[in-house]
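Trainee: Here it is: the structure, laid out below.
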Amino acid sequence: MRLTQSLNGTWQFQLDPDGTTTVATMQPTHTIAVPLPWQAAYPDLQAYSGYAWYQREIDIAPEVLTGEVLLTFGAVDYWCEVFINGVKAGEHEGGYTPFTLPIAAWLHAGSNTIAVRVFDTLQTGNGNQRHPAFPLEKSTGAPPFGPLDIPHGKQEWYINVGGIWQDVTLTAVPTTYLESAHVTGAMDGTATVHITLSGAAPAKFALEAAIVWEGQTISVAHETIKDARQHITLTLRVRNPHLWSHNQPALYTLVVKAGDDERTTRFGFREISTRDA
């Protein structure tokens, strides 16, 4: 069973214009709401380019540490490093994409500290990146990023966005857990489910996928996993499926169970194709 806790709320905040502050030397003197761009929290930071630090404390119950703990950021603009109790747990580049880090190895029962070091650069006036004569420079994968290092879209339609600007969540999962479950529904009623497992690989455990329509289970597929496979594909079939369309967006529920873990998603039976093109 998954237990999820929101880490949205008030975090400690510190600017680092020179990029010299470390997780050991940071001394936050301000607070900031998460999720929220620092430009929205502090109007005087509208034109700020550089580093900033976020920090908050979390309490971890002993029973949570019997499995894995996943820390998920909806988006951090643009690049960040994540530290758990002073130890680097991972980093991410890309201000619009979510990412998840397994962090149980650095947690202990009681109070724990999460710190996030963020780098972002001002994007105003970079419209020429959309012209083929001005190709996007190849990113080095580490700051400092120049304005032309960062993919440019519609950022100039609104204020610059820097920092933790989407939700942050903490999720306790079993030692073997479902990283993802992606389902594709075809018009003939076939549902193909691509499952990715992460964590420890037990000697044997049960995997199940079920399709639910209006509260009733209408199709089930089972498989017993006896090896360390991480990627499994299951196929389910629904007779005379209700097809998805914009006029009648029929949505089914897919429930996937792997050992003690479970994930749910909704999907539709539809296909998109071209003819005589």
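Per our numbering, the very first residue in the sequence shown carries number 956; after that it's consecutive. Just so it is clear, CB atoms sit at the ideal spot from N, CA and C, and this is done for glycine as well. Fair warning: this is a prediction, and the values are worked out from it, not measured in the lab.
#1: May I have the straight-line CA-CA distance separating residue 1049 from residue 1195, to the nearest angstrom?
#2: For residue 973, does the three-state DSSP call read helix, strand or coil?
#3: Can you say whether residue 1227 is buried or exposed, counting buried as having 16 or more other CB atoms within 10 angstroms of its CB?
#4: Can you tell me which residues form a DSSP beta bridge with residue 1008?
#5: Rounded to whole angstroms, what is the Cα-Cα separation between residue 1124 and residue 1077?
#6: Distance check for residue 1030 and residue 1052, CA to CA, integer angstroms please.
#7: Quick one: what does DSSP say residue 1021 is sitting in, helix, strand or coil?
#8: Note down the Cα distance separating residue 1073 from residue 1135, rounded to an integer number of angstroms.
#9: In the structure shown, what three-state DSSP assignment does residue 979 receive?
#10: Distance check for residue 1057 and residue 1151, CA to CA, integer angstroms please.
#11: Which residues does DSSP pair with residue 1168 in a beta bridge?
Mentor: On the basis of the supplied data:
#1: The sequence position of residue 1049 within the sequence shown is 94, counting from 1. The sequence position of residue 1195 within the sequence shown is 240, counting from 1. If you draw a straight line from the Cα of residue 1049 to the Cα of residue 1195, it comes to about 42 Å.
#2: The sequence position of residue 973 within the sequence shown is 18, counting from 1. Correct three-state label for residue 973: coil.
#3: By 1-based counting over the sequence shown, the position of residue 1227 is 272. Exposed, by the Cβ-count rule.
#4: For the purposes of this step, residue 1008 is identified with residue 53 of the sequence shown, where counting begins at 1. Answer is 969 and 1072.
#5: If you number the sequence shown from 1, residue 1124 lands on position 169. If you number the sequence shown from 1, residue 1077 lands on position 122. Their Cα atoms are separated by approximately 27 Å.
#6: The count along the sequence shown starts at 1 and reaches residue 1052 at position 97. The count along the sequence shown starts at 1 and reaches residue 1030 at position 75. About 5 Å.
#7: Taking the first residue of the sequence shown as position 1, residue 1021 is located at position 66. It is helical.
#8: Working through the sequence shown from its first residue, we reach residue 1073 at position 118. Working through the sequence shown from its first residue, we reach residue 1135 at position 180. Straight-line Cα distance between these residues: approximately 27 Å.
#9: Sequence index remark: in the sequence shown, residue 979 carries index 24 (1-based). Of the three classes helix, strand and coil, the one that applies to residue 979 here is coil, per DSSP.
#10: What you label residue 1151 is simply residue 196 of the sequence shown in a count that begins at 1. What you label residue 1057 is simply residue 102 of the sequence shown in a count that begins at 1. Just so you know, the alpha carbons of residue 1151 and residue 1057 end up roughly 15 Å apart.
#11: If you number the sequence shown from 1, residue 1168 lands on position 213. Looking at the DSSP assignment, residue 1168 forms a beta bridge with 1171.
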